[in-house]
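Counting from 1, position 76 in the sequence shown corresponds to residue 75 in numbering that gives the first Met the number 0; the numbering is continuous, with no gaps. What follows is one structure encoded as structure tokens, with my remarks underneath.
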Amino acid sequence: MKQTKHPEYKHTNRLLRLFTIITIMALSATACKKGVADKNTGPNDARMAVTEATQTHTYIKLFDGGADGYHSFRIPSIVRTNDNTLLAFVEGRMAANKDYGNINVEYKRSADNGITWSAMMEVVGAGQGTWGNPTSVVDRSTGRIWVFMSWNSATKNQGGTDGYEKINTWGDRKVYYSYSDDDGLTFTTPADMTSTLLPPGYTWDAMGPGVGIQTANGTLVIPAIGRNIYSTDHGATWHYQLIPGGTSEGAVVELNDGRLMRNDRATSTSWATAKRRWVSRGTITGSFSAFAPDDTLLDPACEGSIVRYTGSPDRIMVLNSASTETRCKMRVRISYDGGVTWPLSRKIYDWLTDDEAFSQGKGGYSSMVKTADYTIGALIEINENTGDSENSHRSIEFHKFNLPWMTSGATEPIP
């Protein structure tokens with residue numbers, strides 16, 4: 000599949016690959032002697048010298064709305080397995096771009112850090128209803144890849160619109176998971192976890208969407224509406240922890256002090272008071288603070304994604320549309336103090352004007368992962384025809400950029 004690279008990002012790949020191989024060999028030996036590992040992310044910070052020579056950013060259209068038997072693809076999730084395979088999950092919407100009807104969970108695999116990808120495969124679907132909100136996580140101890148999903152009958156939707164029945168009863172919207180023990184080649188038949196993981200009184204519900212995390216002590220955490228779903232025994236049992244309200248779609252990251260930070264989309268009521276990402280911090284064994292808006296993180300009432308890049312130095316990245324009006328101002332930011340401040344940022348589509356990005360529908364939901372070659376891989380939604388939003392095809396791009404590109408080569412304000 001052909002990659003698109005803006006002219007400003009061209010570089011001498013052959014020399015860079017040679018430099019990368021030599022540097023990795025040298026720094027790997029040093030790392031082994033020191034026994035240093037970054038929290039959550041694996042490789043130590045010294046190895047990132049291989050990414051600091053050149054700013055790079057490439058992207059491709061990975062899921063093409065209108066192709067492969069699907070009208071649209073939305074709601075991405077991406078993880079890296081223990082074998083360093085990238086798994087990119089999406090909703091495959093059969094007949095329209097809407098959130099209801101016949102929707103399946105599809106995915107592709109990459110064994111070379113996102114350069115090439117497999118043909119599309121299916122986790123679940125095949126006319127069985129509305130499967131959605133894929134939220135994936137990898138257990139680093141066992142290698143098992145978990146995918147949590149929401150489900151409802153294809154005859155129902157959230158609002159009872161367009162002739163569909165309204166989801167208004169506990170259990171209309173269900174919680175499922177599937178898992179893979181073969182590096183994502185196959186997935187199990189989804190297991191219904193509704194009786195265990197859907198709180199009493201819930202009618203509408205949604206997993207994530209995006210990704211979960213595994214904490215430093217091995218706990219698996221899946222963000223969901225109003226709660227954290229978690230397992231302390233590698234998925235043998237699952238539980239949920241209720242958290243304060245005021246938000247819907249959630250993202251989670253572990254802080255260096257062991258707490259978790261939720262970075263969520265506000266509900267319509269919360270968003271009306273502050274058009275921002277809303278944040279809460281806490282622990283699985285304790286409680287979470289009330290959600291409050293992050294003044295820096297403008298948000299148009301949309302999902303966003305977050306990922307820890309390194310533990311030392313403390314680097315966390317967040318990706319969303321940095322706007323209160325449009326989903327087409329995608330920007331990645333970096334924090335060096337556990338998400339308190341976000342001093343450096345860069346527009347994802349920085350070769351386009353804001354008007355061009357809007358007219359091309361560049362932006363929406365996203366999901367990020369740190370790749371084995373120390374870059375960030377990001378799945379980002381695009382709208383193929385903004386002039387006809389009702390019928391437009393929705394697609395998913397895969398972007399790959401390194402830390403120097405993200406910081407625009409600026410000196411990082413590392414404490």
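Using N, Cα and C, we set each Cβ at its ideal position, and we do this for glycine too.
DSSP on residue i, reduced to helix/strand/coil?
i	result
Glu-355	helix
Gly-386	helix
Pro-222	strand
Ala-271	helix
Ser-194	helix
Met-120	strand
Ala-265	strand
Tyr-175	strand
Thr-309	strand
Ile-114	coil
Phe-290	coil
Arg-139	coil
Pro-133	strand
Lys-97	coil
Glu-302	coil
Gly-158	coil
Ile-347	coil
Ser-366	strand
Asn-209	The sequence shown places Gly at residue 209, not Asn. Gly-209: strand per DSSP, three-state reduction.
Thr-188	coil
Ile-375	strand
Thr-246	strand
Ala-409	coil
Where do the N-terminal and C-terminal ends of the beta strand (DSSP E) with residue i fall, by residue?
i	result
Leu-85	85-92
Ser-334	329-334
Trp-145	144-151
Ile-315	314-320
Asp-181	Note, Asp-181: premise wrong, no beta strand (DSSP E); not H, not E.
Val-339	No beta strand (DSSP E) contains Val-339, which DSSP labels as neither H nor E.
Pro-75	71-79
Asn-103	102-109
Taking 8 Å as the threshold (C-beta atoms), are residue j and residue i in contact?
i	j	result
Ser-76	Val-122	no
Gly-209	Thr-134	yes
Glu-302	Lys-60	no
Gly-376	Gln-54	no
Val-331	Ile-347	yes
Val-278	Asp-293	yes
Val-136	Val-78	yes
Ser-149	Ala-205	yes
Glu-105	Met-93	no
Ala-356	Cys-327	yes
Tyr-69	His-398	no
His-392	Gly-64	yes
Asp-336	Pro-243	no
Assuming residue i is part of the alpha helix (DSSP H), what are its boundary residues?
i	result
Met-405	402-405
Considering only the alpha carbon of each residue, which of the options lies closest to residue i?
i	options	result
Asp-182	Ile-144, Glu-90, Ser-366	Ile-144
Thr-284	Trp-277, Leu-296, Arg-258, Arg-276	Arg-258
Gly-211	Lys-165, Ala-66, Asn-262, Asp-387	Asn-262
His-56	Thr-115, Thr-218, Val-174, Asn-401	Asn-401
Lys-97	Gly-225, Ile-114, Gly-131, His-233	Gly-131
Val-252	Trp-277, Val-220, Glu-324	Val-220
Glu-411	Trp-341, Asp-82, Ala-356, Lys-328	Trp-341
Thr-374	Asp-387, Thr-406, Ala-356	Thr-406
Thr-168	Leu-241, Asn-151, Ser-366	Asn-151
Phe-290	Ala-371, Asp-161, Leu-343, Ile-224	Ile-224
Arg-139	Ser-366, Gln-240, Asp-82, Asp-63	Asp-82
Pro-199	Arg-172, Gly-162, Ser-334, Thr-218	Arg-172
Lys-369	Arg-73, Gly-113, Asp-67, Ser-179	Gly-113
Asn-217	Asn-227, Thr-231, Arg-226, Gly-207	One point to set straight first is that residue 217 is Gly, not Asn, in the sequence displayed. Nearest C-alpha to Gly-217: Thr-231.
Asp-67	Thr-84, Gly-91, Leu-197	Gly-91
Asp-313	Ala-153, Asp-256, Glu-324	Asp-256
Lys-107	Thr-115, Ser-366, Thr-385	Thr-115
Gly-338	Gly-65, Ser-288, Leu-196, Arg-280	Arg-280
Among all the DSSP beta bridges, which residues are the ones paired with residue i?
i	result
Thr-57	Lys-399
His-238	Tyr-229
Glu-253	Leu-259
His-324	Reading the sequence as shown, one finds Glu at residue 324 and not His. Note: Glu-324 sits in no beta bridge, so no partner.
Ile-419	Given a span of 0 to 414 for the chain in the structure shown, any question on residue 419 remains unanswerable.
Ile-381	Lys-361, Ser-394
Arg-280	Met-260
Leu-297	Arg-275
Below 7 Å, is the gap between the Cβ of residue i and the nearest heavy atom of the ligand ZN?
i	result
Arg-143	Judged by which ligands are present, the structure shown has none, so any question about the ligand ZN falls away.
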